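Residue numbers (our numbering), protein chains in the order written: chain A, 1 to 335; chain S, 1 to 566; chain P, 1 to 204. For every residue, glycine included, the Cβ atom is placed at its ideal position computed from N, Cα and C. Bear in mind the structure is a predicted one, so any value in this text is a computation, not a measurement.
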Amino acid sequence: MSLNKLTVAALFGLASIASPAIADEKPTLTIYTYDGFSSDWGPGPGLKAGYEATCNCVVDFVGADSSIGALRKAQLEGDTTKADIILGLDTSVAAEAAATELFAAHGADLSAVKLPIDYTSEQFVPFDYGYFAFVYNKETMPNPPTSFKALAGMKNDIKIALQDPRSSTPGLGFVLWGVAAFGNDANELWGEIAPSILTVTKGWSEAYGLFLEGEVDMVLSYTTSPSYHKIAEENDNIEAAIFREGHYVQVELAGVLKSSNQQELAQGFLQYLVSQEAQAIIPTTNWMFPVIELAGGLPEGFATPLATEQTLLLDDATVGANTKAFIEKFFEEIK
Amino acid sequence: MQLWVRTPKPSSKSSLKKSNNSVWSRFGSGATSAHITTRLTLGLLIALGVGALIGALLAIIWQAADLFGNSSTSSTDLWHLLRMSSIQAGLSVLLAFATGGFTAIALSRLYVPAKPLILAFLSAGLVLPTLVVAFGLLSIWGRSGLINDINMALGGDRLPISVFGLHGILAAHTVLNGSFAARVFYDRLQAIPNTSLKLGQSLNLSGWQRYTILDWPVLKATMPGLGATIFLMCFTSFSVVLLLGGGPNNATFEVAIFEAVRLDFDLHRAALLAASQLAFCLLIIIPTASLKSTSLMVGGTQTYLWTSRSFSKSTLSVGLVIMLIAYASPLLIIVWNGIDVAIIELVQTRRFVNALTTSIFVATTSATLTLLLALTLAFARADLVYKASENANNVIIRTVLNAPVFAYLAMPSIVLGLGFFLLARLLGLDTDEVGIYVVILANALLALPLANATLGPPVEEISAKHRKLMRSLNLGNWQRITQIELPLVRKQCAYIFALGFSFSFGDLGVIALFGTNDFTTLPWLMYRALGAYRSNDAGMIAAILLIISVFSFYIIPKLLGGKQNA
Amino acid sequence: MLKLNNVRFSYSSEAPKYVFELEVGPGEIVGVAGKSGSGKSTLLDLIAGFQSANEGTITLENADITALRPEDRPVSILFQNNNTFGHLSAMQNVLLGGSDEEKATNALDEVGLADFADQKCSLLSGGQQQRVALARTLTRNQPILLLDEPFSALDSETAEHMRQLVKSLVLKNKWHTILVSHHEQDFAALTDRKLVLEDTQLKI
Numbered sequence: 001m002s003l004n005k006l007t008v009a010a011l012f013g014l015a016s017i018a019s020p021a022i023a024d025e026k027p028t029l030t031i032y033t034y035d036g037f038s039s040d041w042g043p044g045p046g047l048k049a050g051y052e053a054t055c056n057c058v059v060d061f062v063g064a065d066s067s068i069g070a071l072r073k074a075q076l077e078g079d080t081t082k083a084d085i086i087l088g089l090d091t092s093v094a095a096e097a098a099a100t101e102l103f104a105a106h107g108a109d110l111s112a113v114k115l116p117i118d119y120t121s122e123q124f125v126p127f128d129y130g131y132f133a134f135v136y137n138k139e140t141m142p143n144p145p146t147s148f149k150a151l152a153g154m155k156n157d158i159k160i161a162l163q164d165p166r167s168s169t170p171g172l173g174f175v176l177w178g179v180a181a182f183g184n185d186a187n188e189l190w191g192e193i194a195p196s197i198l199t200v201t202k203g204w205s206e207a208y209g210l211f212l213e214g215e216v217d218m219v220l221s222y223t224t225s226p227s228y229h230k231i232a233e234e235n236d237n238i239e240a241a242i243f244r245e246g247h248y249v250q251v252e253l254a255g256v257l258k259s260s261n262q263q264e265l266a267q268g269f270l271q272y273l274v275s276q277e278a279q280a281i282i283p284t285t286n287w288m289f290p291v292i293e294l295a296g297g298l299p300e301g302f303a304t305p306l307a308t309e310q311t312l313l314l315d316d317a318t319v320g321a322n323t324k325a326f327i328e329k330f331f332e333e334i335k
Numbered sequence: 001m002q003l004w005v006r007t008p009k010p011s012s013k014s015s016l017k018k019s020n021n022s023v024w025s026r027f028g029s030g031a032t033s034a035h036i037t038t039r040l041t042l043g044l045l046i047a048l049g050v051g052a053l054i055g056a057l058l059a060i061i062w063q064a065a066d067l068f069g070n071s072s073t074s075s076t077d078l079w080h081l082l083r084m085s086s087i088q089a090g091l092s093v094l095l096a097f098a099t100g101g102f103t104a105i106a107l108s109r110l111y112v113p114a115k116p117l118i119l120a121f122l123s124a125g126l127v128l129p130t131l132v133v134a135f136g137l138l139s140i141w142g143r144s145g146l147i148n149d150i151n152m153a154l155g156g157d158r159l160p161i162s163v164f165g166l167h168g169i170l171a172a173h174t175v176l177n178g179s180f181a182a183r184v185f186y187d188r189l190q191a192i193p194n195t196s197l198k199l200g201q202s203l204n205l206s207g208w209q210r211y212t213i214l215d216w217p218v219l220k221a222t223m224p225g226l227g228a229t230i231f232l233m234c235f236t237s238f239s240v241v242l243l244l245g246g247g248p249n250n251a252t253f254e255v256a257i258f259e260a261v262r263l264d265f266d267l268h269r270a271a272l273l274a275a276s277q278l279a280f281c282l283l284i285i286i287p288t289a290s291l292k293s294t295s296l297m298v299g300g301t302q303t304y305l306w307t308s309r310s311f312s313k314s315t316l317s318v319g320l321v322i323m324l325i326a327y328a329s330p331l332l333i334i335v336w337n338g339i340d341v342a343i344i345e346l347v348q349t350r351r352f353v354n355a356l357t358t359s360i361f362v363a364t365t366s367a368t369l370t371l372l373l374a375l376t377l378a379f380a381r382a383d384l385v386y387k388a389s390e391n392a393n394n395v396i397i398r399t400v401l402n403a404p405v406f407a408y409l410a411m412p413s414i415v416l417g418l419g420f421f422l423l424a425r426l427l428g429l430d431t432d433e434v435g436i437y438v439v440i441l442a443n444a445l446l447a448l449p450l451a452n453a454t455l456g457p458p459v460e461e462i463s464a465k466h467r468k469l470m471r472s473l474n475l476g477n478w479q480r481i482t483q484i485e486l487p488l489v490r491k492q493c494a495y496i497f498a499l500g501f502s503f504s505f506g507d508l509g510v511i512a513l514f515g516t517n518d519f520t521t522l523p524w525l526m527y528r529a530l531g532a533y534r535s536n537d538a539g540m541i542a543a544i545l546l547i548i549s550v551f552s553f554y555i556i557p558k559l560l561g562g563k564q565n566a
Numbered sequence: 001m002l003k004l005n006n007v008r009f010s011y012s013s014e015a016p017k018y019v020f021e022l023e024v025g026p027g028e029i030v031g032v033a034g035k036s037g038s039g040k041s042t043l044l045d046l047i048a049g050f051q052s053a054n055e056g057t058i059t060l061e062n063a064d065i066t067a068l069r070p071e072d073r074p075v076s077i078l079f080q081n082n083n084t085f086g087h088l089s090a091m092q093n094v095l096l097g098g099s100d101e102e103k104a105t106n107a108l109d110e111v112g113l114a115d116f117a118d119q120k121c122s123l124l125s126g127g128q129q130q131r132v133a134l135a136r137t138l139t140r141n142q143p144i145l146l147l148d149e150p151f152s153a154l155d156s157e158t159a160e161h162m163r164q165l166v167k168s169l170v171l172k173n174k175w176h177t178i179l180v181s182h183h184e185q186d187f188a189a190l191t192d193r194k195l196v197l198e199d200t201q202l203k204i
């Protein structure tokens, strides 16, 4: 009996994992990205449909477990990689990615792109961005801190959740944020915030889960997180605390691999990525800001981008050279 | 009239004297006097195969470092991590044994309604994604948890206890592992023959005497294998430790490895760190792997219930209820939180159905694989006892049989994922296609140590107890397996199948680099939902996972386990 | 006098219904024979207290012991095997009967195991293990002795010795003894009366 069950299950399973037959004529554009992007809740499906409508090709998103994972996957596959594009790298990895010399010049027209800071790269096309911020519930915390200094002063009156910079991008972003805002004084900042830290989790999901469960008052996330709750859940209580010192920005990038034999298609996709049609998909699927001015504006209830003066970013070179040192100092201070 | 015949008094200097108990003395003479049989060969092949796989994975990673990867220095204090990991793992084992042992003993001494359901529940804790259980704990004990809510509703202040810190980690680990230990211990206690129970009761043995004379010898035999497994799982428990640890002071060694692989892409260091973690764990694994099973209880045909009375009964009852609530509450609250009207819609979505069927396929296949591997290993172990003379040691072979299986647990999943990926590439396989098979293999190997610890002692004991008879009848291998060994351990086999099945459902696998789009399992779907702000969906999936686990532990033993399947 | 008065029992509503009526005097050994499944073990279970009768009473010298739990019944039992705890010594096993060392030593002496007091029981022969159990029975000196095929696992010579030993101890200590067996030699050598369980009924 169990053998029959096994056969049926096997058939089911194989059926569900068999990839759809790919028509011989159409070339395939393979894009490595992080799982969240390619899942059907993310922008992947919409972008795929949009580009396939005009490119006469098949777009295949392949999801690795994280953005860095996508890069590593391509690196490990070397020349035989199927990937044409790596999508979803963020600015903190950009330096290292560029140094791999795996990426070709993108050649896209980025005149419509408007970022809160100056970011130019020959290899990478930015397609969305977000600001790190602490998110809180205005019902339980009517008076959130309005600056890092204020947060540092709250000590035991507040509980926050952070992510481990060694295993999480927002975690790393937080450390860079502190350094960008305070320079060498960041170390003092960590020490003062330490009593408020409830725990440092492996990834964003765990920390955010703690926040939603009410275990912490604030969690490190994005200024766009409240937008999800407002729009998808019609919950107005979640807000992002805007700090006087400014917020660190995370720009997400995409690049074409030199090894790809679909250079034209790939570059075409990158161009498509910054078009009105593609960018309109981004806000309510990836919950980040589009890089161009949308014709119809941002969706109702969506957060607003911050001004340039409020935006912080460390340059690639600094990040590349000092990440380890920053992280080390961070841990020293919060122990 | 002489009513008996005087037999000569045995000399005191016989081999019956208590042997030197030092661990390493076992590796002395007699260590290699085993006869090599077919079963033994097969078992050794599997064990060495797993060992070779681990070695290959590490070697490949090391080699890959030359081709890609950077080198850098670590920003973490390794000794501290090693110390912390060991302390929390060691304490977890002790707590799991204490709570699990108590629960098992209480269950075997009281009349408890719905025992099969309770037992199924006890097994489920271990196989769920650990994060689910951790959040379940928080739902009860956390700042905004049930306890605090009740307390404040009754007018009290917020309780000063914080779940975060070492005690939080230990609590989560105890819930996860203690419940499973209880299940395993209970199974062993059920192997005590009816007549021994009746004898003990007729002699009016006290509760304590019952423990020392009947229960303890049986529990003792299971502890090494079970303990080593629990230690290793707690040692490598990553996200739970970070979640409940309250800060970097309580991180595990795996954080350093994660950093090397993910952030720094320093593969030399990653391989080195993984190898050192493995080497350290071998200190625990090797002594455990070399032990012979000493109990002589087999079969689990117990039908008689010797209930405790009066004071003992009330203490045990109260204690049992407390234990069961402690174990079950984090799980029950997951179901409570997760069950929502929206679940009806969720289970009909294509993505859910896909994930469910994939999960079932993967789970069934890897459970079968686990069972086959565990049986082969168990039969091999049994042969060490079968053909040998009474006191032969066979320690080295025994160690070789058992150690690699445990060693697999000592490998961090990120290293496994990377290693499997590189191995697949080396073999020229298309990584997008083989992802599912890697997951099946990885899950099977993950459940194998537990399966081994559960199945090994009973099979070995059958040989120990019946070997003279079996040998004198000159039973062939096939006969031995089908007519004697399998029927006697049918219950355990069914349980192991359920275990492998549920483990696979709850495990997120090593598919990190393999590409996850076409191939999704339920736990992966849950994680995906969590990452997309959809905590409600994630909660519903978690509840479904739990129900499936409990259900399979309840149903599979009934279906496959033969008549006695309490 | 040990009396079973119209003791009725069945495991469930579909299971066979047993009816037992029995009298055993002090120092008397009553044999009970019957086909497998006829209820021999059930009879002993009921007297020992491991099962509770649905109806009827069990009395010893007119004291009603029907409601007593097994721990409290004045009964000693000898099973076919597993009569001792293998990992304990002979002395330790006898001491479990609740006496002191002196009594235990005497008892072991009486059954001929004086030299084996510190021997682990798992290393003793079947007959020796039964004798340890007998020694324990001696120290407990309960008025009722139940024997559930105690000699079936022994070779004929040892079994013969054991029968003689049991008989002499029963007579000496005036135990009310019931022997369940299907060996004719047991009945011939030991019992004063032999009853047969037929169709789950046993009446004297």
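Beta-carbon spacing of residue i, residue j below 8 angstroms
i: A:I31; j: A:L87; result: yes
i: P:A159; j: P:N81; result: no
i: P:F151; j: P:D186; result: yes
i: S:I481; j: S:I462; result: no
i: P:V32; j: P:Q142; result: no
i: S:C234; j: S:A89; result: yes
Neighbouring residues, chain S, relative to residue i (Cβ below 8 angstroms)
i: P:G290; result: It is not possible to answer for residue 290 of chain P, since the shown part of chain P is limited to 1 through 204.
Extent of the continuous beta strand (DSSP E) run through residue i
i: S:Y211; result: Here S:Y211 belongs to no beta strand (DSSP E), and DSSP marks it neither H nor E.
i: S:V255; result: First-last for S:V255: F253 to F258, but that is the alpha helix (DSSP H), not the beta strand (DSSP E).
i: A:E252; result: H247 to V256
Buried versus exposed call for residue i [16 or more other C-beta atoms within 10 Å across all chains shown]
i: S:I150; result: exposed
i: S:M540; result: buried
i: P:N93; result: buried
i: P:S89; result: buried
i: S:T364; result: buried
i: S:L427; result: exposed
i: P:M1; result: exposed
Near the ligand ZN: residue i beta-carbon under 7 angstroms from a heavy atom
i: P:F85; result: Ligands in the displayed structure: none, and consequently the ligand ZN is not present.
Contact list for residue i against chain P, beta-carbon separation under 7 angstroms
i: S:T195; result: F79 and N82
i: S:L369; result: Those do not exist, as S:L369 stays about 38 angstroms from chain P at its closest Cβ, beyond 7 angstroms.
i: S:Y111; result: Simply none; closest approach about 13 angstroms.
Contacts of residue i in chain C (Cβ-Cβ under 9 angstroms)
i: S:R309; result: Absent from the structure is chain C; the protein chains it does hold are A, S and P.
Partner residues on chain A for residue i, Cβ-Cβ distance less than 8 angstroms
i: S:P248; result: D164, V200, F331, I334 and K335
i: S:L244; result: T199
Where the alpha helix (DSSP H) through residue i begins and ends
i: S:F280; result: L267 to A289
i: P:I178; result: From DSSP, P:I178 is part of no alpha helix (DSSP H) but of the beta strand (DSSP E) over H176 to V180.
i: A:V26; result: For clarity, residue 26 of chain A is Lys in the given sequence; the question names Val instead. A:K26 -> no alpha helix (DSSP H), and no H or E assigned at all.
Exercise. The region 194-218 of chain A: which residues have C-beta closer than 9 angstroms to a C-beta of chain S, in chain order?
Worked result: Cβ contacts with chain S: A194, I197, L198, T199, V200, T201, K202, G203, W204, S205, E206, A207, Y208, G209, L210, L212, E213, G214, E215 and V216.
Exercise. Between the region 256-273 of chain S and chain A, which residues of the former have CB atoms less than 7 angstroms from a CB of the latter, in chain order?
Worked result: Answer in chain order: F258, E259, R262, L263 and F265.
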